[in-house]
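Residue numbers (the numbering used here): 148 to 324.
Listed below in structure tokens is the structure:
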């Protein structure tokens, strides 16, 4: 399998897990993980982000409660994957999915896209020593978000990448502060 798959977060998902980190049980840990792996993670601008983020950032700056749209993150991922058809089809790209919303609503993802669910991603990070316990993180997510699908275990490699795709080996274990 081919190492070095670029990991992408959409601008909306990045905003959600960093600027709104206090809404999540593991928000600070996610922000730390993103900072420590910034050389491996690209933040991609999306149409949803261009339209929604300026107003959401303004709400934050003014101390207002951010009015977050339902499925903004999923819609931004869907838009990003759709746009993947217009850039280099040979560049493998990993898309991290929180639940099966995307899989059920995206009918034809491009062949360079590797889909991974949050639960499978956490399991892989634990196997490689990046996090101490995937189960503990899943439990915390579930305590804050009862609809979280810990049983959604998707790891679908990009079908049009000749050597295949893998993502796990590219992450480094987090060194204690």
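All residues carry an ideal CB built from backbone N, CA and C; glycine is no exception.
Same chain, Cβ closer than 6 Å to residue i, neighbours up to 5 away in sequence not counted
| i | result |
| --- | --- |
| residue 243 | 263, 268 |
| residue 265 | 245 |
| residue 295 | 288, 289 |
| residue 247 | 299 |
| residue 164 | 177 |
| residue 273 | 281 |
Limits of the unbroken beta strand (DSSP E) element including residue i
| i | result |
| --- | --- |
| residue 264 | 260 to 264 |
| residue 189 | 188 to 191 |
Beta-carbon proximity list for residue i, same chain, < 7 Å, skipping 5 on both sides
| i | result |
| --- | --- |
| residue 162 | 200, 203 |
| residue 214 | 206 |
| residue 190 | 156, 158, 161 |
| residue 192 | 158 |
Rounded separation between residue i and residue j - CA only
| i | j | result |
| --- | --- | --- |
| residue 309 | residue 181 | 29 Å |
| residue 300 | residue 219 | 22 Å |
| residue 313 | residue 197 | 30 Å |
| residue 303 | residue 261 | 6 Å |
| residue 194 | residue 292 | 27 Å |
| residue 159 | residue 223 | 6 Å |
| residue 256 | residue 311 | 16 Å |
| residue 315 | residue 279 | 15 Å |
| residue 148 | residue 306 | Only weak support is given to the placement of residue 148: the predicted model assigns it a pLDDT of 35, under 50, and the value that follows is read from those uncertain coordinates. Going by the C-alpha atoms only, they are around 12 Å apart. |
| residue 240 | residue 212 | 33 Å |
| residue 168 | residue 258 | 32 Å |
| residue 271 | residue 157 | 21 Å |
| residue 281 | residue 184 | 18 Å |
| residue 131 | residue 166 | Nothing in the structure corresponds to residue 131, since the chain is present only between 148 and 324. |
| residue 297 | residue 188 | 23 Å |
| residue 208 | residue 283 | 33 Å |
| residue 276 | residue 228 | 29 Å |
| residue 186 | residue 285 | 25 Å |
| residue 210 | residue 170 | 15 Å |
| residue 216 | residue 177 | 21 Å |
Span of the alpha helix (DSSP H) around residue i
| i | result |
| --- | --- |
| residue 200 | 194 to 208 |
| residue 242 | Run containing residue 242: none in the alpha helix (DSSP H); it sits in the beta strand (DSSP E), 240 to 244. |
| residue 216 | Premise fails: residue 216 is in no alpha helix (DSSP H) and is neither H nor E. |
| residue 185 | No alpha helix (DSSP H) contains residue 185, which DSSP labels as neither H nor E. |
| residue 158 | 158 to 165 |
Uninterrupted alpha helix (DSSP H) stretches inside the segment 266 to 304 (no shorter than 4 residues): 281 to 291
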